[in-house]
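Student: Going by our numbering, the first residue of the sequence shown is number 1, and it counts up by one from there.
Glycine included, C-beta positions come from ideal geometry on N, C-alpha and C.
Sharing a structure with you now.
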Amino acid sequence: MALAGRNVVVTSHRTPVPGGIALDVTDAAAVARVLRDSRPDVVVVTVAEHTERCERDPDATRLVNVDGLQRVADGAPDALLVVFSSEYVFDGRNGPYSEEDAVIPINEYGRQKVAVESVSRQRSDHLICRSSGIYGWSAARENFVCKLVDSIRARRRFKVPMDQVITPTPAPDLARAVIELVDRSARGTFHVAGPEILPRPEFARRVAAAFGLDASLIDAVPTSELGLLAQRPLGAGLRTDKLRGFLGHGLSPSAPALAAMREAEPIS
Numbered sequence: 001m002a003l004a005g006r007n008v009v010v011t012s013h014r015t016p017v018p019g020g021i022a023l024d025v026t027d028a029a030a031v032a033r034v035l036r037d038s039r040p041d042v043v044v045v046t047v048a049e050h051t052e053r054c055e056r057d058p059d060a061t062r063l064v065n066v067d068g069l070q071r072v073a074d075g076a077p078d079a080l081l082v083v084f085s086s087e088y089v090f091d092g093r094n095g096p097y098s099e100e101d102a103v104i105p106i107n108e109y110g111r112q113k114v115a116v117e118s119v120s121r122q123r124s125d126h127l128i129c130r131s132s133g134i135y136g137w138s139a140a141r142e143n144f145v146c147k148l149v150d151s152i153r154a155r156r157r158f159k160v161p162m163d164q165v166i167t168p169t170p171a172p173d174l175a176r177a178v179i180e181l182v183d184r185s186a187r188g189t190f191h192v193a194g195p196e197i198l199p200r201p202e203f204a205r206r207v208a209a210a211f212g213l214d215a216s217l218i219d220a221v222p223t224s225e226l227g228l229l230a231q232r233p234l235g236a237g238l239r240t241d242k243l244r245g246f247l248g249h250g251l252s253p254s255a256p257a258l259a260a261m262r263e264a265e266p267i268s
């Protein structure tokens with residue numbers, strides 16, 4: 001596969017990608033084989049088990065999130081290692097956070113992301129991209145925006161935590177920013193997220209407005225009423241001063257990004 005003059009090898013596990021290679025990062029032999037055959041200069045690791053599953057089954061998810069990354073790192077010792085982390089490395093008591101703030105995870109997902117960052121820092125040639133509130137179209141439709149749109153279109157009420165903030169990050173912008181960071185030889189840790197830090201109910205209302213949906217079906221409730229296993233860093237949020245200083249620009253704010261998302265909606 002070619003991408004802007006690059007030779008790109010894409011792997012996937014649960015969701016097949018056209019032209020991609022099926023790969024389970026818990027299979028050490030398969031990981032080693034793919035990396036040996038492709039001989040990459042840059043490896044971008046997006047594998048992740050998500051928050052509630054991590055809390056429910058920490059051992060199984062660590063095999064993917066942490067041990068899987070270690071296998072990739074070991075199999076490509078000379079490549080730039082690009083990994084994704086999260087605002088969940090923070091406790092949410094003193095946000096918004098910069099790259100220099102101390103990490104204090106309060107759930108298993110956050111602890112695993114801290115471990116991911118630690119694995120990455122074992123080599124000098126690494127790029128850690130922390131993000132938050134990533135949204136865009138996907139086959140799984142599991143991100144906040146997709147869930148909200150699907151729920152309200154079906155005339156189902158949608159609960160939103162009133163005591164959490166979010167740094168909404170459009171997935172296409174995130175991808176472009178990571179490519180630009182790689183092209184500009186960025187190393188270390190960057191917060192790659194949108195420019196706004198919003199209460200989740202406010203972002204939910206913006207989503208409803210962008211998609212022409214009935215915002216009265218949005219219910220703002222305390223996080224404690226959502227029945228979640230994992231604690232959330234309620235007042236987190238990511239500062240992106242370093243990213244904007246390095247690239248000379250930031251990511252799109254929610255209004256134009258949501259409008260672009262609606263325009264690009266796949267035909268079902």
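Could you pull the start and end residues of the beta strand (DSSP E) that Asp-219 belongs to?
Tutor: 218–221
Student: With three or more C-beta pairs closer than 8 Å as the rule, is the region 62–76 touching the region 232–244?
Tutor: no
Student: Nearest by alpha-carbon distance to Ala-115: which of Phe-84, Asp-37 and Arg-176 is it?
Tutor: Phe-84
Student: Looking only at C-alpha atoms, which of Met-261, Ser-131, Gly-212 and Leu-213 sits nearest to Leu-189?
Tutor: Leu is not the amino acid found at residue 189; the sequence shown has Thr there. Checking every option, the nearest Cα to that of Thr-189 belongs to Ser-131.
Student: Looking at Gln-164 and Arg-200, is the spacing between their C-beta atoms short of 7 Å?
Tutor: Cβ distance < 7 Å, so Arg-200 and Gln-164 count as in contact.
Student: Spell out a yes or no on whether the region 86–94 and the region 102–116 are touching, meaning 3 or more CB-CB pairs, one atom from each, closer than 8 Å.
Tutor: yes
Student: Go ahead and label Glu-263 buried or exposed: buried means 16 or more other beta carbons lie within 10 angstroms of its beta carbon, across all protein chains shown.
Tutor: exposed
Student: Kindly provide the ranges of any alpha helix (DSSP H) runs that are 4 or more residues long and lie completely inside the region 15–68, ordered along the chain.
Tutor: 28–38, 51–56 and 58–62
Student: Bridge partners of Ser-86, per DSSP?
Tutor: Ser-131
Student: Taking the Cβ atom as the reference point for each residue, do Ala-215 and Val-160 lie within a distance shorter than 7 Å?
Tutor: No, the Cβ-Cβ distance between Ala-215 and Val-160 is not below 7 Å.
Student: I need the DSSP call for Pro-199, collapsed to helix, strand or coil.
Tutor: strand
Student: Could you check what DSSP says for Ile-166 in three-state terms: helix, strand or coil?
Tutor: strand
Student: Check the C-beta distance from Thr-51 over to Ala-220 and give it rounded, since I have them as a contact under 8 Å.
Tutor: Not really, about 20 Å apart at Cβ, beyond 8 Å.
Student: Give me the Cα-Cα distance between Leu-247 and His-191, rounded to the nearest whole angstrom.
Tutor: Going by the C-alpha atoms only, they are around 12 Å apart.
Student: Would you mind giving the Cβ-Cβ distance between Ala-186 and Leu-127, rounded to the nearest angstrom? I have them listed as a contact below 8 Å.
Tutor: 6 Å
Student: Go ahead and label Ser-86 buried or exposed: buried means 16 or more other beta carbons lie within 10 angstroms of its beta carbon, across all protein chains shown.
Tutor: buried
Student: For Ala-259, count neighbouring Cβ atoms within 10 angstroms of its own Cβ and tell me buried if that reaches 16, exposed if not.
Tutor: With a threshold of 16 other beta carbon atoms within 10 Å, Ala-259 falls short and is exposed.
Student: Write down every uninterrupted run of the beta strand (DSSP E) in the region 95–146 whose length is 3 residues or greater and which is fully enclosed by it, in chain order.
Tutor: Within the region 95–146, the beta strand (DSSP E) runs of at least 3 residues that lie entirely inside it are, in chain order, 126–131.
Student: Return the CA-CA distance between Ala-2 and Gly-227, expressed in angstroms with no decimal places.
Tutor: With a pLDDT of only 47 at Ala-2, under the threshold of 50, the placement of this residue in the model should not be trusted, and no figure is reported.
Student: Among Gly-95, Ala-73 and Lys-113, which has the Cα closest to the Cα of Thr-61?
Tutor: Lys-113
Student: My output table needs one value for Ala-2: the three-state DSSP class, helix, strand or coil.
Tutor: Note on Ala-2: pLDDT 47, under 50, position unreliable in the model; no value is reported.
Student: To which residues does DSSP link His-191 through a beta bridge?
Tutor: The partner list for His-191 (beta bridge, DSSP) reads Arg-130.
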